[in-house]
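Undergrad: Structure in structure tokens, see below.
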Amino acid sequence: MNILEVCFSPALGGLELYCLRTAKQLQSRGHEVHIWLAEGSRMVDHPISRELNVSLFKAPARFDPRFLVRAGNLIRKQRIEVMHLHRSRDLASFSLLRRNPRLLTLQIESRLHKKDPLHRFYYARLDRLLTITERMRGFASEALPVDPGDIFTLHYGLDVDSFMKDAGDKDSFLRQYDIPNDAILVGLIGRLEESKGQHILLRAFADIYRQKPEVYIFIVGETPPEGSDYDASLKNLANTLGVSDRVRFVKFQTDLSPVYSALDIFVLASREEAFGLVLLEAMAFGLPIIATNAGGVPEIIQNNLNGLLVEPHNPEALSDALNSLIDDPKLRRGIGTKGYEIVRERFSIKKHLEALESHFADIIAADNCN
Numbered sequence: 016m017n018i019l020e021v022c023f024s025p026a027l028g029g030l031e032l033y034c035l036r037t038a039k040q041l042q043s044r045g046h047e048v049h050i051w052l053a054e055g056s057r058m059v060d061h062p063i064s065r066e067l068n069v070s071l072f073k074a075p076a077r078f079d080p081r082f083l084v085r086a087g088n089l090i091r092k093q094r095i096e097v098m099h100l101h102r103s104r105d106l107a108s109f110s111l112l113r114r115n116p117r118l119l120t121l122q123i124e125s126r127l128h129k130k131d132p133l134h135r136f137y138y139a140r141l142d143r144l145l146t147i148t149e150r151m152r153g154f155a156s157e158a159l160p161v162d163p164g165d166i167f168t169l170h171y172g173l174d175v176d177s178f179m180k181d182a183g184d185k186d187s188f189l190r191q192y193d194i195p196n197d198a199i200l201v202g203l204i205g206r207l208e209e210s211k212g213q214h215i216l217l218r219a220f221a222d223i224y225r226q227k228p229e230v231y232i233f234i235v236g237e238t239p240p241e242g243s244d245y246d247a248s249l250k251n252l253a254n255t256l257g258v259s260d261r262v263r264f265v266k267f268q269t270d271l272s273p274v275y276s277a278l279d280i281f282v283l284a285s286r287e288e289a290f291g292l293v294l295l296e297a298m299a300f301g302l303p304i305i306a307t308n309a310g311g312v313p314e315i316i317q318n319n320l321n322g323l324l325v326e327p328h329n330p331e332a333l334s335d336a337l338n339s340l341i342d343d344p345k346l347r348r349g350i351g352t353k354g355y356e357i358v359r360e361r362f363s364i365k366k367h368l369e370a371l372e373s374h375f376a377d378i379i380a381a382d383n384c385n
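If you're matching positions, the sequence shown starts at 16 in the working numbering and goes up one per residue.
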């Protein structure tokens, strides 16, 4: 198939990484894949982009005639058979283009009703809608002008072996950040914004700081492209709480395998999380997980099986869960082992790609019949 992957996001998070990885994996399976990105996007600088057929666009405004002309010409030149969009806001840019089979993977949770005439026009150009959780599929069925029979759930998948192959040496990694070899390292990976809950982790850590001198906190992430002073507030909070000597703030890294390999416990402290691709990544490394029972997380993490679930925005609950894992190495190993089994069985990249290809083939076949 000739497949077009589209993501005009300026950022680089789970949604954007999914787009890049999907394009690369489909390409490796023999498809001709093109990917359209926004100029200046952080996606452009990711190493995967250098392995793909990338076309850059100024992020198009709604009904931008210059975009429509260039996009239409490029679709014909690249002989695109099916479009795969990754953000609902990009639908508008394609709504006036000649009819092509198109699919949207909805990856951001929203309960806003969009059944006004303009959104009906946008979504009428869509052949199929995928959601990354069952919860999101329920919301989409109620809120969007799409036939529920055209909405399907497809959980993220992870190429576990490829993701783990460059794990690196844990001891040298710890030395790099002045962390003792016998430390218990607790990590959180995500954009530095309040909804991700890094401040909740710091407050939870403050509760156990004196009783658990072996514990260090490792926070990886960057501020969103639109800017924020949240990162500065986190460092100020760590100083105010008196825990900054055992907290490390590190910018986002394109290769996160060495980080996961060095961690002993992984935390997702988000107030809301549509899915949490980082959960699959942590499970691939056999890490015990503490996550908030928010959004689609309970579809991935089952409490006391492959992780511990806590209420969001609750430092005390997070502190209790941390104590449980820190004090019980056997529990850590058991949860980590189960998580590794689950990510291989339920969230394999092979199953994910086969299902995605099936959706593509279905809408191409339906279009050929019209």
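Just so you know, even glycine gets a beta-carbon here, dropped at the ideal spot from N, CA and C.
(1) Output the distance between the C-alpha atoms of Asp174 and Leu35, rounded to the nearest integer angstrom.
(2) Count Cβ pairs between the stretch 79–96 and the stretch 54–64 that sit closer than 8 Å; are there 3 or more?
(3) By Cβ distance, which residues of its chain are closer than 8 Å to Leu30, with the 5 residues on each side in sequence left out?
(4) From this set, Ser110, Gly291 and Leu141, which residue's C-alpha is nearest Gly311's C-alpha?
(5) Residue range of the alpha helix (DSSP H) that Asn254 falls in?
(6) DSSP three-state call for Val201: helix, strand or coil?
(7) Can you tell me whether Ser187 is buried or exposed, with buried defined as 16 or more other CB within 10 angstroms of its CB?
(8) Within 10 angstroms of the Cβ of Asp162, are there 16 or more other Cβ atoms? Answer buried if so, exposed if not.
(9) Taking the alpha helix (DSSP H) that Ile378 belongs to, which residues open and close that run?
(10) Indicate the three-state DSSP secondary structure (helix, strand or coil) for Arg143 in the structure shown.
(11) Out of Leu89, Phe78 and Val84, which has the shortest C-alpha to C-alpha gap to Ser70?
(12) Could you tell me the alpha carbon to alpha carbon distance between Leu145 and Arg152, rounded to whole angstroms?
(13) According to DSSP, is Ile194 part of a helix, a strand, or is it coil?
(14) Could you check which residue in Ser43, His46, Glu47 and Ala76 has the C-alpha nearest to that of Ala53?
(15) Report the rounded CA-to-CA distance for Ala139 versus Met58, giving the unit in angstroms.
(16) Just list the alpha helix (DSSP H) runs in the stretch 26–64, keeping only unbroken ones of 4 residues or longer that don't cross its boundaries, in chain order.
(17) Exposed or buried, which one is Asn383 when buried takes at least 16 other CB atoms within 10 Å?
(18) In the DSSP output, what is His99 paired with across the bridge?
(19) When burial is assigned at 16 or more other CB atoms within 10 Å of the CB, is Val84 buried or exposed?
(20) Using CA coordinates, which residue listed in Ala284, Ala221, Phe267 and Ile234 is at the minimum distance from Asn254?
(21) Taking contact to mean at least 3 C-beta pairs separated by less than 8 Å, is the stretch 356–365 in contact with the stretch 244–251?
(22) Kindly indicate which residue of Asp176, Ala370, Asn17 and His214 has the alpha-carbon position closest to the one of Val262.
(23) Leaving out five residues before and five after Val48 in sequence, what residues of the same chain have Cβ atoms less than 6 Å from its Cβ?
(24) Would you give the residue range spanned by the alpha helix (DSSP H) that Val161 belongs to?
(25) Is it the case that the Cβ atoms of Val265 and Phe300 are separated by a distance below 8 Å?
(26) Can you give me the Cβ contacts of Asn338 inside the same chain, cut-off strictly under 7 Å, excluding the 5 residues immediately before and after it?
(27) Taking the alpha-carbon of Thr120 as reference, which of Phe154, Phe109, Thr168 and Arg150 has the nearest alpha-carbon?
(28) By DSSP, does Ser334 sit in helix, in strand, or in coil?
(29) Straight-line CA distance for Gly202 to His134?
(30) Can you check DSSP and say which residues form a bridge with Ala361?
(31) Quick check on DSSP: helix, strand or coil for Gly212?
(32) What does DSSP give as the partner residues of Leu324 in its beta bridges?
(33) Would you mind reading off the limits of the beta strand (DSSP E) that contains Tyr224?
(34) Use the C-beta contact count for Ser373: other C-beta atoms within 10 angstroms, 16 or more gives buried, fewer gives exposed.
(35) Just to confirm my understanding: we take Asp270, look at its own chain, exclude 5 residues before and 5 after, and list those with CB closer than 7 Å. What are they?
TA: Answer, in terms of the structure:
(1) Counted from its first residue, the sequence shown places residue 174 at position 159. Counted from its first residue, the sequence shown places residue 35 at position 20. Looking at the two C-alpha atoms, the distance is approximately 13 Å.
(2) Touching, no.
(3) Within the sequence shown, the letter at position 15 stands for residue 30. Counting only Cβ-Cβ distances below 8 Å, and skipping sequence neighbours, we find Cys22, Ser24, His101, Arg102, Gln122 and Ile123.
(4) Here residue 311 refers to the residue found at position 296 when the sequence shown is read from its first residue. With distances taken between Cα atoms, Gly311 lies closest to Gly291.
(5) Translated into the one-based positions of the sequence shown, residue 254 becomes position 239. Where Asn254 is concerned, the enclosing alpha helix (DSSP H) stretches over Tyr245 to Leu256.
(6) Here the question's residue 201 lines up with position 186 in the sequence shown. If DSSP states are grouped into helix, strand and coil, Val201 belongs with the strands.
(7) In the sequence shown, the residue the question calls residue 187 occupies position 172. Residue environment analysis places Ser187 among the exposed positions, since fewer than 16 neighbouring C-beta atoms fall within 10 angstroms of its C-beta.
(8) Along the sequence shown, read from residue 1 onward, the residue named residue 162 stands at position 147. Around the beta carbon of Asp162, fewer than 16 other beta carbons sit within 10 angstroms, so the residue counts as exposed.
(9) Taking the first residue of the sequence shown as 1, we reach residue 378 at position 363. Residues Ile364 to Cys384.
(10) Counted from its first residue, the sequence shown places residue 143 at position 128. In the structure shown, Arg143 sits in a strand (DSSP, three-state: E or B).
(11) Taking the first residue of the sequence shown as 1, we reach residue 70 at position 55. The closest CA to that of Ser70, considering only Leu89, Phe78 and Val84, is found on Leu89.
(12) Taking the sequence shown and counting its residues from 1, the one referred to as residue 145 is at position 130. Taking the sequence shown and counting its residues from 1, the one referred to as residue 152 is at position 137. Each residue's Cα considered, the two are about 8 Å apart.
(13) Looking up residue 194 in the sequence shown gives position 179. Correct three-state label for Ile194: coil.
(14) Residue mapping note: residue 53 aligns to position 38 of the sequence shown, counting from 1. Comparing Cα positions, the closest option is Ala76.
(15) Against the sequence shown, residue 139 aligns to sequence position 124. Against the sequence shown, residue 58 aligns to sequence position 43. For Ala139 and Met58, the distance between alpha carbons rounds to 29 Å.
(16) Contiguous alpha helix (DSSP H) elements confined to the stretch 26–64 occur at 29–43, taking only those with 4 or more residues.
(17) Within the sequence shown, numbered from 1, the residue matching residue 383 stands at position 368. By the Cβ-count criterion, Asn383 is exposed, with fewer than 16 other Cβ atoms from all chains shown falling within 10 Å of its own Cβ.
(18) Mapped onto the sequence shown, residue 99 falls at position 84. Partner residues in the beta bridge of His99, as assigned by DSSP, are Glu20 and Leu118.
(19) For this step, residue 84 is matched to residue 69 along the sequence shown. Burial is judged here by how many other beta carbons sit within 10 angstroms of a residue's own beta carbon; Val84 has fewer than 16 and is exposed.
(20) Here the question's residue 254 lines up with position 239 in the sequence shown. Comparing Cα-Cα distances from Asn254 to each of Ala284, Ala221, Phe267 and Ile234, the minimum goes to Ala221.
(21) The stretch 356–365 vs the stretch 244–251: no contact.
(22) Taking the sequence shown and counting its residues from 1, one reaches residue 262 at position 247. Considering only alpha carbons, the answer is His214.
(23) The sequence position of residue 48 within the sequence shown is 33, counting from 1. Cβ neighbours of Val48 beyond the five flanking positions: Ile18, Ala38, Leu41 and Gln42.
(24) Here the question's residue 161 lines up with position 146 in the sequence shown. Segment: none, Val161 is in no alpha helix (DSSP H) and carries neither H nor E.
(25) In the sequence shown, counting from the first residue as 1, residue 265 sits at position 250. In the sequence shown, counting from the first residue as 1, residue 300 sits at position 285. Against a cut-off of 8 Å, the Cβ pair of Phe300 and Val265 comes out as no contact.
(26) Along the sequence shown, one-based indexing puts residue 338 at 323. The beta carbon of Asn338 sits closer than 7 Å to those of Ile223, all from its chain and outside the five residues before and after it, given in chain order.
(27) For the purposes of this step, residue 120 is taken as the residue at position 105 of the sequence shown. Answer by Cα proximity: Thr168.
(28) Translated into the one-based positions of the sequence shown, residue 334 becomes position 319. DSSP places Ser334 in helix when its eight states are reduced to three.
(29) Along the sequence shown, one-based indexing puts residue 202 at 187. Along the sequence shown, one-based indexing puts residue 134 at 119. Approximately 40 Å, taken between the alpha carbons.
(30) For this step, residue 361 is matched to residue 346 along the sequence shown. Rather than Ala, the amino acid found at residue 361 in this sequence is Arg. DSSP output for Arg361 lists no bridge partner at all.
(31) The sequence position of residue 212 within the sequence shown is 197, counting from 1. Coil at Gly212, not helix or strand.
(32) Position 309 of the sequence shown holds residue 324. DSSP output for Leu324 lists Ala306 as bridge partner(s).
(33) Looking up residue 224 in the sequence shown gives position 209. Tyr224 -> no beta strand (DSSP E), and no H or E assigned at all.
(34) Here the question's residue 373 lines up with position 358 in the sequence shown. Exposed, by the Cβ-count rule.
(35) In the sequence shown, counting from the first residue as 1, residue 270 sits at position 255. Listed in chain order, the non-local C-beta contacts of Asp270 below 7 Å within the same chain comprise Asp181, local neighbours out to five positions each way being set aside.
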